[in-house]
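Below: the structure, in structure tokens.
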Amino acid sequence: MNDRHHDHSHDIDDLRDLLPAAGPTLPAAPAGLVRWVTDNAARPAPLGPSADPDGPLDDLEPLRDLVGGARVVALGENSHQIREFGLLRHRLLRFLVEELGFTAHAMEYGAAEGRAVDAWVQGGPGDLDGLLAPGGTAGGVHRLGLPAEVRDTLRWQRRHNAGAGRPVRFLGCDIPAAGGSLAPVLDPVAAHLADVDPGALRFLEAAREIAEPIAGGTVMVPAYARLDLAAAEQDRLTTALSRLLGRLTDLREVHTERSGRAAYETALSDVRAAVATDRAQRAMAEALAGAPDAAGFAARERYLADTLLEFLDRSGPGTRVVLVGHNAHIQRSAAGIGGPMEVTTMGSLLARALGADYVPVALTGNGGETVENVPDRDHPAGMRWGRAAVPDAVPDSVEALFADVRDRPALVDARALRAYARRRGLPEPVRTRLDTAFVEVPVLDAFDGVVCVPDTRVGADLLE
Numbered sequence: 014m015n016d017r018h019h020d021h022s023h024d025i026d027d028l029r030d031l032l033p034a035a036g037p038t039l040p041a042a043p044a045g046l047v048r049w050v051t052d053n054a055a056r057p058a059p060l061g062p063s064a065d066p067d068g069p070l071d072d073l074e075p076l077r078d079l080v081g082g083a084r085v086v087a088l089g090e091n092s093h094q095i096r097e098f099g100l101l102r103h104r105l106l107r108f109l110v111e112e113l114g115f116t117a118h119a120m121e122y123g124a125a126e127g128r129a130v131d132a133w134v135q136g137g138p139g140d141l142d143g144l145l146a147p148g149g150t151a152g153g154v155h156r157l158g159l160p161a162e163v164r165d166t167l168r169w170q171r172r173h174n175a176g177a178g179r180p181v182r183f184l185g186c187d188i189p190a191a192g193g194s195l196a197p198v199l200d201p202v203a204a205h206l207a208d209v210d211p212g213a214l215r216f217l218e219a220a221r222e223i224a225e226p227i228a229g230g231t232v233m234v235p236a237y238a239r240l241d242l243a244a245a246e247q248d249r250l251t252t253a254l255s256r257l258l259g260r261l262t263d264l265r266e267v268h269t270e271r272s273g274r275a276a277y278e279t280a281l282s283d284v285r286a287a288v289a290t291d292r293a294q295r296a297m298a299e300a301l302a303g304a305p306d307a308a309g310f311a312a313r314e315r316y317l318a319d320t321l322l323e324f325l326d327r328s329g330p331g332t333r334v335v336l337v338g339h340n341a342h343i344q345r346s347a348a349g350i351g352g353p354m355e356v357t358t359m360g361s362l363l364a365r366a367l368g369a370d371y372v373p374v375a376l377t378g379n380g381g382e383t384v385e386n387v388p389d390r391d392h393p394a395g396m397r398w399g400r401a402a403v404p405d406a407v408p409d410s411v412e413a414l415f416a417d418v419r420d421r422p423a424l425v426d427a428r429a430l431r432a433y434a435r436r437r438g439l440p441e442p443v444r445t446r447l448d449t450a451f452v453e454v455p456v457l458d459a460f461d462g463v464v465c466v467p468d469t470r471v472g473a474d475l476l477e
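The numbering used here puts the sequence shown at residues 14 to 477.
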């Protein structure tokens, strides 16, 4: 990008164009692995129209051995806004809380915004739909919100907490507004600085001056805006945030003495989130310009992982976390090895820090419909969400191994499947589905469990 006039001739229309182009490596799914999955998969209850998310949980008992004594269990999804994934994760969360004693529910959701959700699930006042339903604008920014199925899960969590001896906490781990706006973190930091260190407000206001006009509902809006933003202005934003972070870091003792440790650590986390958001926006703009720098995308993954690890560090003994996020975030192995979008994932960072105490479980599906995300500079969220038919599983994908498993979800222990494949010398799946594309992932190394859901449907809150 030059200083003022970006050449749009090389811009891309679809981020999937950045994925390595490669056809299936197998003519057909390995018959031996298909048979193993058919014979060994646990079969949770169906998720059709009559499904009862608050019904008995006996069908989920196989999860007990898969989880073991892990401190963090991650539950994924290959697309956002899928009804069945939301319903199944609701039941999995209930099982992990009610039967295995998990004490926190973390999500791929803004850490700053998550503080209000935590207060609500612990009995605080307010209307959940008003707080979290998608649509409309907040502070001039299109609000993405959370799907209806997730809001129903949070209502269950509030009901559970009303009678629980140890309430289940809610934790947002992500950068603000899906990377679309700095306001959710800079606003509370401004209030903190006004009382503790007014001299630092000049850095915050300089950042606001540049960031607010380009804010949007997701990272796509500021990413598009940055294609036309002067390089000097982008650097001025980065410098202001860097100086703000340096100020809080250098004056740690002063801030802590004046505000208390908890308030200081919250403000520091919010400023770190702002810095990570700036890097994420830059990385996405570079990708849209057709010149992705994969390392830039690591900023968000680092913040996701560090936020959760810091929560574990400051929580009491016995804290166990259910973490909900996209498969691409929770996977233990780095994504897109060798391609331009290679990145260190949150899951790989958690696995390095926690070892066997981290158990990621992927959710995917065969049949029905899924979400198709199409970048759109003119959409309030920077992308359009559409409905698309689930594509047929490619032969070397993990989805192909579930071809004979129908009618209800199927859960397999990926570790056992991997051991079987290696004993027999059978080719392991090297792809999994992301929306309507199949991406390269060493699936049986990346996840400890895989759940395949037949006949998925897009949730009621899909933004057209």
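Beta carbons are placed, not taken as given, at the ideal position from N, Cα and C, and that holds for glycine.
Note that this is a predicted model, so its numbers are computed, not measured.
Report yes if the CB atom of residue i is closer than 8 Å to the CB atom of residue j, and no otherwise.
i    : j    : result
R84  : L257 : no
A190 : P201 : no
P467 : R400 : no
P37  : V407 : yes
D5   : Q170 : This structure gives no information on residue 5, because the portion of the chain shown stretches from 14 to 477.
T357 : A311 : yes
V387 : L424 : no
R249 : I223 : yes
S346 : V443 : no
L100 : A64  : yes
A318 : M359 : yes
I227 : R239 : yes
G395 : G230 : yes
S272 : H205 : yes
L362 : R315 : yes
L184 : D241 : no
V337 : L79  : no
C186 : T320 : yes
A253 : A219 : yes
A450 : E441 : no
Below 8 Å on the Cβ atoms is my contact criterion, and I expect residue i with residue j to pass it. Report the Cβ-Cβ distance as a whole number of Å.
i    : j    : result
A298 : R313 : Wrong, their Cβ atoms sit about 14 Å apart, outside the cutoff.
V181 : H173 : 6 Å
A287 : L367 : 27 Å between Cβ atoms; not a contact.
L144 : A129 : 6 Å
V7   : L414 : Absent from the model: residue 7. The displayed extent of the chain is 14 to 477, so no value can be given.
Here's a check: name, in chain order, each residue in its chain whose Cβ is nearer than 8 Å to the Cβ of residue i, leaving out the five neighbours to either side.
i    : result
A416 : A42, V47, N379, A406
D370 : G82, A83, R84, V85
R470 : I95, R96, E97, G381, E382
E477 : Interpretation of E477 is limited by its pLDDT of 45, a score under 50 that renders its predicted location unreliable; no figure is taken from the coordinates.
F108 : L70, L73, L76
V284 : V198, V202, L254, L257, L258, L261
Q344 : G89, T358, G360, S361, P373, A375, V454, A459, F460
L217 : L199, V202, A203, L206, A253, L257
Considering only residues of the same chain and omitting the five flanking positions on each side of residue i, which have a CB-CB separation below 7 Å?
i    : result
R428 : D461
T90  : It is worth fixing the name first, because residue 90 is Glu in this sequence and not Thr. Excluding positions up to five away in sequence, the list reads F98, H339, N340, L376.
G45  : R437, L439
E246 : I223
G192 : T231, V232, T290, A293, Q294, R313
P211 : none
L141 : W133, R164, L167, R168
Q135 : N174, P180
A281 : Strictly speaking, residue 281 in this sequence is Leu, with Ala absent from that position. The residues are L261.
A213 : L206, L257, R260
Considering only residues of the same chain and omitting the five flanking positions on each side of residue i, which have a CB-CB separation below 6 Å?
i    : result
L105 : L88
H12  : What is shown of the chain runs 14 to 477, which leaves residue 12 out entirely.
R12  : Nothing can be reported for residue 12: it is not among the residues displayed for the chain, which extend from 14 to 477.
S92  : T383, V384, D448
A146 : G158
Y122 : G185, D187
H103 : P66, T166
Please determine whether the Cβ atom of residue i lies at a distance below 7 Å from any heavy atom of the ligand PLP.
i    : result
R444 : With respect to the ligand PLP, the structure offers nothing, as it holds no ligand at all.
Specify whether the segment 221 to 241 and the segment 258 to 276 touch according to this definition: at least 3 beta carbon pairs, one from each stretch, less than 8 Å apart. No, they do not touch.
Going along the chain, which unbroken runs of the alpha helix (DSSP H) with 4 or more residues stay wholly within the segment 281 to 352? You should have 307 to 327, 340 to 343.
Should the segment 166 to 181 be regarded as contacting the segment 109 to 128, the criterion being three or more beta carbon pairs within less than 8 Å? Yes, the segment 166 to 181 touches the segment 109 to 128.
Answer yes if the segment 317 to 337 comes into contact with the segment 102 to 117, meaning at least three C-beta pairs across the two stretches below 8 Å, and no otherwise. At 8 Å Cβ cutoff, the stretches touch.
Give a yes or no on contact between the segment 67 to 82 and the segment 49 to 58, applying the rule of three or more CB pairs nearer than 8 Å. Segment contact: the segment 67 to 82 against the segment 49 to 58, three or more CB-CB distances shorter than 8 Å; contact assigned.
So within the segment 94 to 165, which uninterrupted beta strand (DSSP E) runs reach at least 3 residues, ignoring any that extend past its ends? Those beta strand (DSSP E) runs which fall completely within the segment 94 to 165 and span 3+ residues are 117 to 123.
In chain order, which continuous runs of the alpha helix (DSSP H) of length 4 or greater are located wholly inside the segment 190 to 232? Counting only runs of 4 or more, we get 196 to 209, 214 to 224.
Just list the alpha helix (DSSP H) runs in the segment 449 to 473, keeping only unbroken ones of 4 residues or longer that don't cross its boundaries, in chain order. Restricted to the segment 449 to 473, the alpha helix (DSSP H) segments that are unbroken, complete and at least 4 residues in length are 456 to 459, listed in chain order.
My parser needs the beta strand (DSSP E) runs of 3 or more residues fully inside the segment 380 to 458; what are they? Counting only runs of 3+ residues, the beta strand (DSSP E) found wholly inside the segment 380 to 458 occupies 396 to 402, 423 to 426, 444 to 447, 450 to 453, in chain order.
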